[in-house]
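Novice:
Protein chains: 2
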Amino acid sequence: MRQVTFGGANSLDNFIARSDHAVDWLLWCDEAAQIMAEFWPTIDTIVMGRKTYDVQRRMTADGVTPEGDYSGVKTYVFSRTLPEGPDGGATIVREDAADFVRRLKAQDGKGICVMGGGDLARSLFEAGLIDRLGLNIHPVLLGSGIPLFHQMTRPIGLELEESRPFKNGCIYASYRVVY
Amino acid sequence: MRQVTFGGANSLDNFIARSDHAVDWLLWCDEAAQIMAEFWPTIDTIVMGRKTYDVQRRMTADGVTPEGDYSGVKTYVFSRTLPEGPDGGATIVREDAADFVRRLKAQDGKGICVMGGGDLARSLFEAGLIDRLGLNIHPVLLGSGIPLFHQMTRPIGLELEESRPFKNGCIYASYRVVY
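Note that the protein sequences, when read in sequence, are chains A and B. With the first letter of the first sequence counted as 1, position 144 gets the number 1062 in this note's numbering; the numbers rise by one all the way through. With the first letter of the second sequence counted as 1, position 92 gets the number 1010 in this note's numbering; the numbers rise by one all the way through.
1) Please look up how many angstroms separate the CB atoms of Gly-1075/A and Val-1058/B, rounded, as I've assumed it's under 8 Å.
2) Report the residues of the stretch 1066–1080 of chain A with a CB closer than 7 Å to any CB of chain B, ordered along the chain.
3) For Leu-1038/A, which of Gly-1029/A, Phe-1067/A, Ile-1055/A has the nearest alpha-carbon?
4) In terms of DSSP beta bridges, what is Pro-1083/A paired with?
5) If you drop the 5 nearest sequence neighbours on each side, which residues of the same chain put their C-beta closer than 8 Å to that of Lys-992/B?
6) State the start and end residues of the unbroken alpha helix (DSSP H) segment that holds Asp-1026/B.
7) Using the beta-carbon of each residue, which ones in chain A are nearer than 8 Å to Asn-932/B?
8) How about Ala-940/A: is its C-beta nearer than 7 Å to some C-beta of chain B?
9) Output, in sequence order along the chain, the residues in the stretch 1046–1068 of chain B whose CB is closer than 7 Å to any CB in chain A.
10) Straight-line CA distance for Gly-1111/A to Glu-1013/A?
11) Under 7 Å, do Gln-921/A and Gly-1029/A count as touching if we go by C-beta distance?
12) Going along the chain, which residues of its own chain have a beta-carbon closer than 6 Å to the beta-carbon of Asp-1049/A, five neighbours each way excluded?
13) Are the CB atoms of Ser-929/A and Leu-1060/A nearer to each other than 7 Å?
14) Below 7 Å between beta carbons: does that hold for Ser-1092/B and Glu-1079/B?
15) I'd like to know whether the C-beta of Ile-953/A is nearer than 7 Å to at least one C-beta of chain B.
16) When you compare each of Gly-967/B, Pro-1065/B, Cys-947/B to Leu-1042/B by their alpha carbons, which one comes out closest?
17) Look up Glu-949/A in the DSSP assignment and say whether it is helix, strand or coil.
18) Is Gly-1034/B closer than 7 Å to Phe-933/B when the C-beta atoms are compared?
19) Is Glu-1077/B helix, strand or coil when you go by DSSP?
20) Please state the DSSP three-state secondary structure of Val-982/B.
21) Give the residues of chain B in contact with Ala-1091/A, contact being defined as C-beta atoms less than 7 Å apart.
22) DSSP on Arg-1012/A, reduced to helix/strand/coil?
23) Please report the straight-line C-alpha distance between Arg-975/B and Asp-931/B, rounded to a whole angstrom.
24) Starting from the beta carbon of Pro-959/B, find every residue of chain A whose beta carbon is closer than 7 Å, and list them in chain order.
25) Exposed or buried, what is Ser-1081/B when buried is set at 16 or more other beta-carbons lying within 10 Å of its beta-carbon?
26) What span of residues does the alpha helix (DSSP H) with Leu-1042/B cover, start to end?
27) Any beta-carbon of chain B closer than 7 Å to the one on Pro-1004/A?
28) Work out the CA separation of Val-1011/A and Val-995/A for me, nearest whole Å.
29) Distance check for Lys-969/A and Ala-979/A, CA to CA, integer angstroms please.
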């Protein structure tokens, strides 16, 4: 069964971006870059929600290159409003995200990465489909913004795999999800 | 100037208790107990909000002994509804919490501990009065509950002092607050 990984950089108070989607507070470091460089070759599929897709398209339009090597990676975007089918390098999916990801997991392939905000992650956690969690916890309380973890209908158990502080004050933490 | 410390045990998704105040998900460990045993002698004052006080009184009524050695520690509870003055071992304060804590900090004495939920911490963070933050981040997503960090009107910068994983999968993290 393919592994589904969710995660990213978050503030200590559980935000992934300011309310206006700004991520100017993110800290760059070699240690996180190294972890990501090792992670990308383990996946061949990215799934994201429509809001994350919009943010990525705006960033691309502004000339910002997304982090990571996306060559050979299939990207699916879940949306109830965009027309289904190919859209640039991505594929828009109207089907229920949990049903779709459950089917993806049963297919042969490398890992699957859940990217972006927590709306999609919430439904995948609730459906028992996320296997791993990787965080780069930043030393800041943003006070408001877009949450990484949304409210869920049930608790999700975790097993810490690794945690270490980076030189820039971030804390790296990776977990296995226990359902 | 006396140091004001806020913190406690939280879930990875920023809750300190389930919606019904239950903390049955908290993990005991010698390493956290050791850190707390070293912390208590550095303080002589606890401040808390009325809701935390209510929870503590219910626990005491149920025969649960609060963690830590409170002998010789002065406890202030901020409330707009309880009568001002002594109440059991505590003192009820009706004054604005930030004004009161600012005055406490200017007095001679040991450290001050902000206990409990984040309602009080939010106003003290916003007033620039919290100096240190100590967390015992538990390996669980509670999904809902009482948040540790509340929404704030401004971001708060932090400097990581120490972080290490405990054997039970919790992550200890201590920060200096940078205003």
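The beta carbon of each residue, even a glycine, is placed where N, CA and C say it ideally should be.
Specialist: Looking at the coordinates:
1) Within the first sequence, numbered from 1, the residue matching residue 1075/A stands at position 157. Within the second sequence, numbered from 1, the residue matching residue 1058/B stands at position 140. Right, their Cβ atoms sit about 6 Å apart.
2) Taken in chain order, the members of the stretch 1066–1080 of chain A whose beta-carbon sits within less than 7 Å of a beta-carbon on chain B are Phe-1067, Gln-1069, Met-1070, Thr-1071, Arg-1072, Pro-1073, Ile-1074, Gly-1075, Leu-1076, Glu-1077, Leu-1078.
3) Your numbering for residue 1038/A matches position 120 in the first sequence. Minimum Cα-Cα distance from Leu-1038/A among the listed residues Gly-1029/A, Phe-1067/A, Ile-1055/A corresponds to Phe-1067/A.
4) Within the first sequence, residue 1083/A is the residue found at index 165, counting from 1. The bridge partners DSSP lists for Pro-1083/A are Ile-1089/A.
5) To locate residue 992/B, count along the second sequence from 1; it is residue 74. Asp-962, Thr-963, Ile-964, Thr-1009.
6) The count along the second sequence starts at 1 and reaches residue 1026/B at position 108. Note, Asp-1026/B: premise wrong, no alpha helix (DSSP H); not H, not E.
7) One-based indexing of the second sequence puts residue 932/B at position 14. Correct list: Asp-931, Asn-932, Phe-1067.
8) For the purposes of this step, residue 940/A is taken as the residue at position 22 of the first sequence. It does not; no Cβ of chain B falls within 7 Å.
9) The stretch 1046–1068 of chain B vs chain A, Cβ under 7 Å: Pro-1057, Val-1058, Leu-1059, Leu-1060, Gly-1061, Ser-1062, Phe-1067.
10) Because chain A is modelled from 919 through 1097, residue 1111/A falls outside the range shown and cannot be assessed.
11) As a position in the first sequence, residue 921/A is number 3, starting the count at 1. As a position in the first sequence, residue 1029/A is number 111, starting the count at 1. Yes, these two residues count as a Cβ contact at 7 Å.
12) The residue labelled residue 1049/A in the question sits at position 131 within the first sequence. Excluding residues within five positions, the ones whose Cβ falls inside 6 Å are Gln-921, Val-922, Val-1095.
13) For the purposes of this step, residue 929/A is taken as residue 11 along the first sequence, with counting starting at 1. For the purposes of this step, residue 1060/A is taken as residue 142 along the first sequence, with counting starting at 1. The beta carbons of Ser-929/A and Leu-1060/A sit closer together than 7 Å.
14) Translated into the one-based positions of the second sequence, residue 1092/B becomes position 174. Translated into the one-based positions of the second sequence, residue 1079/B becomes position 161. Yes, they are a contact pair.
15) Within the first sequence, numbered from 1, the residue matching residue 953/A stands at position 35. It does not: the Cβ of Ile-953/A has no partner Cβ on chain B nearer than 7 Å.
16) As a first step, residue 1042/B is located in the second sequence; it is residue number 124 there, counting from the start. Answer by Cα proximity: Gly-967/B.
17) Locating residue 949/A in the first sequence gives position 31, counting from the first residue. DSSP places Glu-949/A within a helical segment (H, G or I) once states are collapsed to three.
18) Along the second sequence, read from residue 1 onward, the residue named residue 933/B stands at position 15. Along the second sequence, read from residue 1 onward, the residue named residue 1034/B stands at position 116. With a cutoff of 7 Å on beta-carbon distance, Phe-933/B and Gly-1034/B are scored as not near each other.
19) Taking the second sequence and counting its residues from 1, one reaches residue 1077/B at position 159. Note: Glu-1077/B maps to strand in three-state DSSP.
20) The count along the second sequence starts at 1 and reaches residue 982/B at position 64. Secondary structure of Val-982/B (DSSP, three-state): coil.
21) Position 173 of the first sequence, counted from the first residue, corresponds to residue 1091/A. Scanning chain B for C-beta atoms nearer than 7 Å to the C-beta of Ala-1091/A yields Ile-1089, reported in chain order.
22) For this step, residue 1012/A is matched to residue 94 along the first sequence. Residue state for Arg-1012/A is assigned as coil, using DSSP reduced to three classes.
23) The count along the second sequence starts at 1 and reaches residue 975/B at position 57. The count along the second sequence starts at 1 and reaches residue 931/B at position 13. Straight through space, the alpha carbons of Asp-931/B and Arg-975/B are spaced by roughly 27 Å.
24) Along the second sequence, read from residue 1 onward, the residue named residue 959/B stands at position 41. Correct list: empty, because the minimum Cβ distance to chain A is about 26 Å.
25) Numbered from 1 along the second sequence, position 163 holds the residue referred to as residue 1081/B. Residue environment: Ser-1081/B is assigned as buried (16 or more neighbouring CB atoms within 10 Å of its CB, all protein chains considered).
26) Position 124 of the second sequence, counted from the start, is the residue given in the question as residue 1042/B. Per DSSP, Leu-1042/B belongs to the alpha helix (DSSP H) from 1036–1044.
27) In the first sequence, counting from the first residue as 1, residue 1004/A sits at position 86. No, because no Cβ of chain B sits closer than 7 Å to the Cβ of Pro-1004/A.
28) The count along the first sequence starts at 1 and reaches residue 995/A at position 77. The count along the first sequence starts at 1 and reaches residue 1011/A at position 93. So the two alpha carbons sit approximately 6 Å from each other.
29) Reading the first sequence from its first residue, position 61 is the one you call residue 979/A. Reading the first sequence from its first residue, position 51 is the one you call residue 969/A. If I take the Cα positions, the gap works out to 15 Å.
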